[in-house]
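Novice:
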Amino acid sequence: MSIAPGLTTDEVLDFVFEYDALPHGTKAAWLEERSVSRGTLRRWQRAVYDGDISRGLIGRESGAKTTAQERRSMARRNKERDKDAEIRDLREQVANLEEVNVTLGKALRLLRDHEDQKPLDTPTTQTPESSFFKRTNSSEN
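When you read off a place in the sequence shown, starting at 1, and then add 25, the result is the number in my numbering.
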(Lines of atoms letter the chains of each structure in order from A; the text may use other names.)
(Lines give C-alpha, C1' and ligand atoms only; values in the text may rest on other atoms or scores of the structure.)
Protein backbone atom coordinates (compact mmCIF):
# COMPACT_ATOMS: atom_id res chain seq x y z
CA MET A 26 0.00 0.00 0.00
CA SER A 27 1.29 3.43 -0.89
CA ILE A 28 0.45 6.89 0.33
CA ALA A 29 -0.24 7.89 -3.28
CA PRO A 30 -1.23 5.01 -5.56
CA GLY A 31 0.37 5.43 -8.97
CA LEU A 32 3.09 7.77 -7.68
CA THR A 33 6.52 6.94 -6.37
CA THR A 34 7.84 8.26 -3.08
CA ASP A 35 10.16 10.63 -4.95
CA GLU A 36 7.28 12.00 -7.01
CA VAL A 37 5.28 12.73 -3.84
CA LEU A 38 8.34 14.40 -2.26
CA ASP A 39 8.90 16.55 -5.35
CA PHE A 40 5.19 17.45 -5.48
CA VAL A 41 5.11 18.57 -1.83
CA PHE A 42 8.36 20.55 -2.06
CA GLU A 43 7.28 22.21 -5.30
CA TYR A 44 3.93 23.16 -3.75
CA ASP A 45 5.56 24.62 -0.64
CA ALA A 46 7.93 26.72 -2.77
CA LEU A 47 5.09 28.37 -4.71
CA PRO A 48 4.29 32.01 -3.97
CA HIS A 49 1.20 32.83 -1.95
CA GLY A 50 -1.93 33.10 -4.07
CA THR A 51 -0.87 30.60 -6.73
CA LYS A 52 -1.19 27.36 -4.79
CA ALA A 53 -4.93 26.69 -5.23
CA ALA A 54 -4.75 27.06 -9.01
CA TRP A 55 -1.62 24.90 -9.10
CA LEU A 56 -3.41 22.12 -7.18
CA GLU A 57 -6.45 22.40 -9.43
CA GLU A 58 -4.28 22.08 -12.56
CA ARG A 59 -2.92 18.81 -11.19
CA SER A 60 -6.31 17.51 -9.96
CA VAL A 61 -5.08 17.06 -6.39
CA SER A 62 -7.35 17.97 -3.49
CA ARG A 63 -6.20 19.99 -0.49
CA GLY A 64 -6.92 17.00 1.75
CA THR A 65 -4.66 14.75 -0.29
CA LEU A 66 -1.95 17.37 -0.28
CA ARG A 67 -2.19 17.81 3.50
CA ARG A 68 -1.91 14.03 3.97
CA TRP A 69 1.17 13.95 1.73
CA GLN A 70 2.70 16.93 3.56
CA ARG A 71 2.24 15.23 6.93
CA ALA A 72 3.85 12.06 5.59
CA VAL A 73 6.78 13.98 4.11
CA TYR A 74 7.49 16.36 6.98
CA ASP A 75 6.88 13.84 9.76
CA GLY A 76 9.30 11.44 8.09
CA ASP A 77 6.76 8.69 7.47
CA ILE A 78 7.10 8.65 3.70
CA SER A 79 10.82 7.89 3.78
CA ARG A 80 10.06 4.81 5.91
CA GLY A 81 7.17 3.76 3.68
CA LEU A 82 4.58 4.43 6.37
CA ILE A 83 1.16 5.98 6.02
CA GLY A 84 0.79 8.27 8.99
CA ARG A 85 -2.29 8.66 11.13
CA GLU A 86 -3.83 11.92 12.15
CA SER A 87 -2.07 11.85 15.52
CA GLY A 88 1.61 12.39 16.12
CA ALA A 89 4.02 15.25 15.88
CA LYS A 90 2.85 18.00 13.59
CA THR A 91 5.09 20.04 11.38
CA THR A 92 4.30 23.72 11.42
CA ALA A 93 3.90 25.77 8.28
CA GLN A 94 7.08 27.66 9.14
CA GLU A 95 9.03 24.40 9.42
CA ARG A 96 7.65 23.22 6.09
CA ARG A 97 8.64 26.49 4.44
CA SER A 98 12.15 26.32 5.87
CA MET A 99 12.49 22.69 4.72
CA ALA A 100 11.31 23.66 1.26
CA ARG A 101 13.75 26.60 1.26
CA ARG A 102 16.62 24.29 2.28
CA ASN A 103 15.71 21.84 -0.47
CA LYS A 104 15.59 24.66 -3.01
CA GLU A 105 18.99 25.94 -1.82
CA ARG A 106 20.38 22.40 -2.02
CA ASP A 107 19.16 22.12 -5.61
CA LYS A 108 20.70 25.50 -6.50
CA ASP A 109 23.99 24.50 -4.87
CA ALA A 110 24.03 21.27 -6.88
CA GLU A 111 23.33 23.21 -10.08
CA ILE A 112 26.11 25.71 -9.29
CA ARG A 113 28.51 22.84 -8.57
CA ASP A 114 27.60 21.20 -11.90
CA LEU A 115 28.03 24.47 -13.79
CA ARG A 116 31.43 25.12 -12.19
CA GLU A 117 32.52 21.62 -13.18
CA GLN A 118 31.33 22.26 -16.72
CA VAL A 119 33.23 25.58 -16.85
CA ALA A 120 36.41 23.84 -15.65
CA ASN A 121 36.04 21.19 -18.36
CA LEU A 122 35.47 23.84 -21.03
CA GLU A 123 38.53 25.78 -19.85
CA GLU A 124 40.62 22.62 -20.19
CA VAL A 125 39.30 22.11 -23.72
CA ASN A 126 40.08 25.75 -24.53
CA VAL A 127 43.69 25.35 -23.35
CA THR A 128 44.08 22.17 -25.38
CA LEU A 129 42.67 23.80 -28.51
CA GLY A 130 45.00 26.77 -28.02
CA LYS A 131 47.99 24.44 -27.89
CA ALA A 132 46.84 22.64 -31.03
CA LEU A 133 46.42 25.95 -32.85
CA ARG A 134 49.94 27.03 -31.83
CA LEU A 135 51.35 23.75 -33.13
CA LEU A 136 49.58 24.22 -36.45
CA ARG A 137 50.93 27.75 -36.80
CA ASP A 138 54.47 26.61 -35.92
CA HIS A 139 54.18 23.83 -38.48
CA GLU A 140 53.09 26.29 -41.17
CA ASP A 141 56.04 28.58 -40.36
CA GLN A 142 58.49 25.71 -40.84
CA LYS A 143 57.34 24.80 -44.36
CA PRO A 144 59.97 25.38 -47.06
CA LEU A 145 59.41 28.39 -49.27
CA ASP A 146 60.17 26.59 -52.55
CA THR A 147 58.01 23.58 -52.91
CA PRO A 148 59.13 20.98 -55.44
CA THR A 149 57.13 20.96 -58.61
CA THR A 150 55.66 17.81 -59.96
CA GLN A 151 55.88 16.83 -63.58
CA THR A 152 52.85 17.22 -65.72
CA PRO A 153 51.61 14.49 -68.05
CA GLU A 154 53.51 16.21 -70.88
CA SER A 155 56.76 15.47 -69.08
CA SER A 156 59.49 13.23 -70.48
CA PHE A 157 57.85 10.10 -69.20
CA PHE A 158 54.89 10.58 -71.48
CA LYS A 159 56.74 12.07 -74.45
CA ARG A 160 56.09 10.32 -77.65
CA THR A 161 59.02 9.22 -79.54
CA ASN A 162 59.03 8.93 -83.24
CA SER A 163 60.72 5.71 -84.20
CA SER A 164 61.37 7.08 -87.65
CA GLU A 165 63.60 9.84 -86.23
CA ASN A 166 66.32 7.40 -85.30
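Think of the CB as a built atom: it goes at the ideal place given N, C-alpha and C, for glycine as much as any other residue.
Please read all numbers here as calculations on a predicted model, not as lab measurements.
Within the continuous alpha helix (DSSP H) that includes residue 39, where are the two ends?
Specialist: Here the question's residue 39 lines up with position 14 in the sequence shown. Taken as a continuous stretch (DSSP letters only), the alpha helix (DSSP H) holding residue 39 covers 34-46.
Novice: To the nearest angstrom, report how far apart residue 129 and residue 61 are at their CA atoms.
Specialist: The sequence position of residue 129 within the sequence shown is 104, counting from 1. The sequence position of residue 61 within the sequence shown is 36, counting from 1. Rounded to whole angstroms, residue 129 to residue 61 spans 53 Å at the Cα level.
Novice: Figure out for me which residue from 125, 37, 50 has the closest Cα to the Cα of residue 68.
Specialist: As a working note, residue 68 is residue 43 in the sequence shown. Ranking 125, 37, 50 by Cα distance to residue 68 puts 37 first.
Novice: If you draw a straight line from the alpha carbon of residue 53 to that of residue 101, how long is it in whole angstroms?
Specialist: Looking up residue 53 in the sequence shown gives position 28. Looking up residue 101 in the sequence shown gives position 76. Residue 53 and residue 101: Cα-Cα distance of roughly 20 Å.
Novice: Express the C-alpha separation of residue 109 and residue 122 in angstroms, rounding to a whole number.
Specialist: Position 97 of the sequence shown, counted from the first residue, corresponds to residue 122. Position 84 of the sequence shown, counted from the first residue, corresponds to residue 109. Using only the alpha carbons, I get a separation of about 20 Å.
Novice: Less than 8 Å between the CB atoms is what I'm expecting for residue 96 and residue 70, so what's the real figure, rounded?
Specialist: In the sequence shown, counting from the first residue as 1, residue 96 sits at position 71. In the sequence shown, counting from the first residue as 1, residue 70 sits at position 45. At roughly 7 Å, the Cβ-Cβ gap stays under 8 Å, so residue 96 and residue 70 are in contact.
Novice: Using 8 Å as the threshold, is the C-beta distance between residue 40 and residue 103 below it?
Specialist: Within the sequence shown, numbered from 1, the residue matching residue 40 stands at position 15. Within the sequence shown, numbered from 1, the residue matching residue 103 stands at position 78. For residue 40 and residue 103, no; Cβs fall outside 8 Å.
Novice: Under 6 Å Cβ to Cβ from residue 29, same chain only, skipping five residues before and after it: list those, please.
Specialist: Counting from one through the sequence shown, the residue named residue 29 turns up at place 4. Only 37 meet the Cβ criterion.
Novice: Return the Cβ separation of residue 75 and residue 91 in integer angstroms, given the expectation that the two are a contact with Cβ distance under 8 Å.
Specialist: Numbered from its first residue, the sequence shown carries residue 75 at position 50. Numbered from its first residue, the sequence shown carries residue 91 at position 66. Indeed, because the Cβ distance is near 6 Å, the residues count as touching under 8 Å.
Novice: Would you identify the three-state DSSP class for residue 60, choosing helix, strand or coil?
Specialist: Translated into the one-based positions of the sequence shown, residue 60 becomes position 35. The answer is coil: DSSP assigns residue 60 none of H, G, I, E or B.
Novice: When you compare only the Cα positions, how much space is there between residue 141 and residue 107?
Specialist: Residue numbering aside, residue 141 sits at position 116 when the sequence shown is read from its first letter. Residue numbering aside, residue 107 sits at position 82 when the sequence shown is read from its first letter. Taking the straight line joining both Cα atoms gives about 51 Å.
Novice: Leaving aside the five residues before and after residue 55 along the sequence, list all residues of the same chain whose C-beta is less than 8 Å from its C-beta, in chain order.
Specialist: Locating residue 55 in the sequence shown gives position 30, counting from the first residue. Answer for residue 55: 44, 47, listed in chain order.
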